[in-house]
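Each remark here refers to the structure printed beneath this line.
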Amino acid sequence: MYDTPITHLHRTAFIIAIDCSTSMQMRIKFNHLQMSKADAVAIVCNYILDELLARATRNDKVRNYYDIGVVQYSGDGIVDILPDAIDGLTPIDILAKYQPPQKLYCFLTDPECEEYMTTIKYHIGEWITPTAHGRTPMYEALHHVYDIVEKWCARPENCESFPPIIFHITDGCYSDGSMDDILTISDRIKSLGTANGNVLFVNIHLSTDQSPTYTLFPPDREFTSPDRFKLMLFNMSSIMPKSMEPLIREATNTKYVGPYRGVAFNSSICELMMVLNIGSQSIFCNL
Amino acid sequence: MNICNISSFRDALSSPRTKFHRLHDIKADMESIYRTTHFAECHAMLNNTPVILYAPISIDATALLHHASLALNGKIDTNSTRMKILHDEIEISAINNSSCLIAIEYLQSVTTLHDVIPFGSRQRLLQAIDDLESRLKALDISHNNLTPQNLTIDNKGHLHPIRQYYTTRGFGGDNVALDKIREIIRSETPDDLFSKELASNNTVCDNNSSYTTSPRLRAVIEGRRAISRESLWGFEDEAGNEVIRAQYSYVSDFAENRAMVADNRHMMGLIDRDGNILIPVIYEVVEYDCESGNSWVRNNNQWALFDYNGTQITDWHDRDECNIEL
């Protein structure tokens, strides 16, 4: 399971669902810098898109390894924002034609000791711009994600592919449905998949919690938090497959044994890159 | 037989496209959600028609609806309120694919007898009651729950029973209730204003009219429900724990993690869902817009804009100088 090499014949799908509601105007400390949650979402989403594009590029040619979707939900409703999307997804070779100008970001690293912080510069394409207005139709958005994934998995050419990976970036605060509704639709999403495994649903929580600690791929044990949104996101997330556990242990330097949940709380961009690496770099890309 | 609860009913009304099997276009008045012994009910608009939805919340409720439906079956006249049972209408759990029925009443008017009694014509209203009694007799049914709140009145003065879920076959069950309503009309109505008021008040299908004087539950919004203790308002969480002490004379519901509050001096401010004060409760007006996240704030008749984080982002100006849309 979770071992099908990704080729142009056996592509996989990445769906990034982003919360762009008013509450994303809240200021947070992200990468040791003060910014709005909407800024952080844009950085993470743009980084993921750039990284996937880089991984699909061989000898300056973009190979058609991935179908990509970005679902934005806000007061404007649910919107597929990538160009030329069919059933919510754009093949990466098509997406490459729309590569946006890049922007320079400077991030600080080493949260252990501020004295030894270093600056890392990233050039990241501005695929999406920060936006934050209106309500949070998370429940409807997850239904939309379900529809996208269900259609992708139903295509005969995808039936043996590596299963779709969903990154959901939010502060957890929703304005439609109930918590039970959201957990129910999350379970339905996780029940989808291919012959190679179920969908991997990874939730990235952007919290105003200023504590310096972050949690990345926590062990799938009894999880408690006074923050009910955190708890909800933990329960929404997939249990990561056993084949990824060595990578998770190595990347997070955790003392706990698996299985682990695919969830990140208060993570910096460096840690979030690990999420992406663990979620996708372990996949073989065959030429 | 599945039954609903008030929380799942409210949630379904918030997401009709996904939670209702047929009523995808229903537009609920969420403020009107109300619980009775056996039903959760809500006023709504369906294709420009005012309706009331009833979801069974007790074991007996479903049986009551079926009995009422049988009693009403074929026994309607032009002044009857049409009631329909929609089986498997609300999705309760997607996991085990369970759903429950719902009843819908299509209203001919949203103005209740209770609304017009204070200014209605005693003679005309008593006549309308007599007419209603005759119709119930002709149909050979008893409503069994007749009150001024459970009768709507159109601009011709005809009464239409609503909340018909206790209806049974056989006339006579409403005699005491009808006499009681007559007594209320005799004691509370002035005279000779009725036709004038109703003629000038074209209230048929007027969705802005007051639906009911029944007490209304504040809904749980974003995990918080406004609660009142000794006339002061605070918030509790979904489990019923008081999380923001009852200390305000007014609170709005939460929208995108912000609620407007006022103290007993009528000074307003803005708080978040943990009770943290973003805009101090010292201003004459705070008008928060959850679309933009900004709030217009008035102080000494001067207005300024504050952002989502409670930071003032414009200077104070006269209202004329601001592009305020309140």
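Taken in sequence, the protein lines are chains A and B. When we follow this note's numbering, the leftmost residue of the first sequence carries the number -12, and every step to the right adds one. When we follow this note's numbering, the leftmost residue of the second sequence carries the number 2, and every step to the right adds one. Glycine residues also receive a C-beta, built at the ideal position from the N, C-alpha and C atoms.
Mapping the DSSP letters down to three states, classify residue i as helix, strand or coil.
| i | result |
| --- | --- |
| N74 (chain B) | coil |
| I135 (chain A) | helix |
| P17 (chain B) | helix |
| Y34 (chain A) | helix |
| M227 (chain A) | coil |
| L306 (chain B) | strand |
| V111 (chain B) | coil |
| F154 (chain A) | strand |
| N300 (chain B) | strand |
| E42 (chain B) | strand |
| Y289 (chain B) | strand |
| V58 (chain A) | strand |
| V205 (chain B) | Because V205 (chain B) sits at a pLDDT of 28, beneath the cut-off of 50, its placement in the model cannot be relied upon, and the point is left open. |
| F94 (chain A) | strand |
| L147 (chain B) | coil |
| V221 (chain B) | coil |
For chain A, is any of its Cβ atoms less than 9 Å away from the one on residue i?
| i | result |
| --- | --- |
| E239 (chain B) | yes |
| T19 (chain B) | yes |
| A256 (chain B) | yes |
| R274 (chain B) | yes |
| Y249 (chain B) | no |
| D12 (chain B) | yes |
| E223 (chain B) | yes |
| C323 (chain B) | no |
| E134 (chain B) | no |
| N74 (chain B) | no |
What's the gap between the Cα of residue i and the Cα of residue j?
| i | j | result |
| --- | --- | --- |
| N145 (chain B) | L65 (chain B) | 12 Å |
| I79 (chain A) | E137 (chain A) | 19 Å |
| G171 (chain B) | N277 (chain B) | 59 Å |
| Q303 (chain B) | H318 (chain B) | 5 Å |
| H(-5) (chain A) | E144 (chain A) | 10 Å |
| M13 (chain A) | T202 (chain A) | 20 Å |
| I60 (chain B) | F40 (chain B) | 10 Å |
| T25 (chain B) | G245 (chain A) | The question names Thr, but residue 25 (chain B) in the sequence shown is His. One C-alpha to the other measures close to 43 Å. |
| T171 (chain A) | C291 (chain B) | 27 Å |
| Y109 (chain A) | K90 (chain A) | 8 Å |
| M31 (chain B) | L14 (chain B) | 8 Å |
| S173 (chain A) | F221 (chain A) | 11 Å |
| D134 (chain A) | T241 (chain A) | 35 Å |
| C43 (chain B) | H88 (chain B) | 18 Å |
| V244 (chain B) | A256 (chain B) | 17 Å |
| P281 (chain B) | G235 (chain B) | 16 Å |
| D47 (chain A) | F1 (chain A) | 22 Å |
| D(-10) (chain A) | A83 (chain A) | 26 Å |
| N33 (chain A) | E113 (chain A) | 6 Å |
| A260 (chain B) | M269 (chain B) | 11 Å |
Which residue marks the beginning of the beta strand (DSSP E) containing residue i, and which one marks its end?
| i | result |
| --- | --- |
| V189 (chain A) | 187 to 192 |
| F1 (chain A) | -1 to 6 |
| V244 (chain B) | 243 to 249 |
| M269 (chain B) | 269 to 272 |
| S23 (chain A) | 20 to 23 |
| S229 (chain B) | 226 to 230 |
| K16 (chain A) | 14 to 17 |
| D168 (chain A) | Premise fails: D168 (chain A) lies in the alpha helix (DSSP H), 166 to 178, not in any beta strand (DSSP E). |
| P162 (chain B) | 160 to 162 |
From the beta carbon of residue i, is the nearest beta carbon of chain B less than 9 Å away?
| i | result |
| --- | --- |
| T9 (chain A) | yes |
| T140 (chain A) | According to the sequence shown, residue 140 (chain A) is Cys rather than Thr. No, C140 (chain A) lies away from the interface with chain B (no Cβ there is under 9 Å from its Cβ). |
| Y(-11) (chain A) | no |
| Y126 (chain A) | yes |
| D67 (chain A) | no |
| Q12 (chain A) | yes |
| G62 (chain A) | yes |
| M223 (chain A) | no |
| S162 (chain A) | yes |
| M166 (chain A) | yes |
Over the uninterrupted alpha helix (DSSP H) stretch that includes residue i, give me the two end residues.
| i | result |
| --- | --- |
| E237 (chain B) | First-last for E237 (chain B): 233 to 237, but that is the beta strand (DSSP E), not the alpha helix (DSSP H). |
| L69 (chain A) | That residue, L69 (chain A), is in no alpha helix (DSSP H); it is neither H nor E in DSSP. |
Taking 9 Å as the cut-off, decide whether the C-beta atoms of residue i and residue j are in contact.
| i | j | result |
| --- | --- | --- |
| Y107 (chain B) | P51 (chain B) | yes |
| D175 (chain B) | S143 (chain B) | yes |
| T113 (chain B) | T153 (chain B) | yes |
| I226 (chain A) | A4 (chain A) | no |
| P149 (chain B) | I103 (chain B) | no |
| N190 (chain A) | H155 (chain A) | yes |
| F216 (chain A) | H192 (chain A) | yes |
| S110 (chain B) | D155 (chain B) | yes |
Would you say residue i reaches chain C, if we count a Cβ-Cβ gap shorter than 9 Å as a contact?
| i | result |
| --- | --- |
| D116 (chain B) | Structure shown: chain C not included; protein chains present are A and B. |
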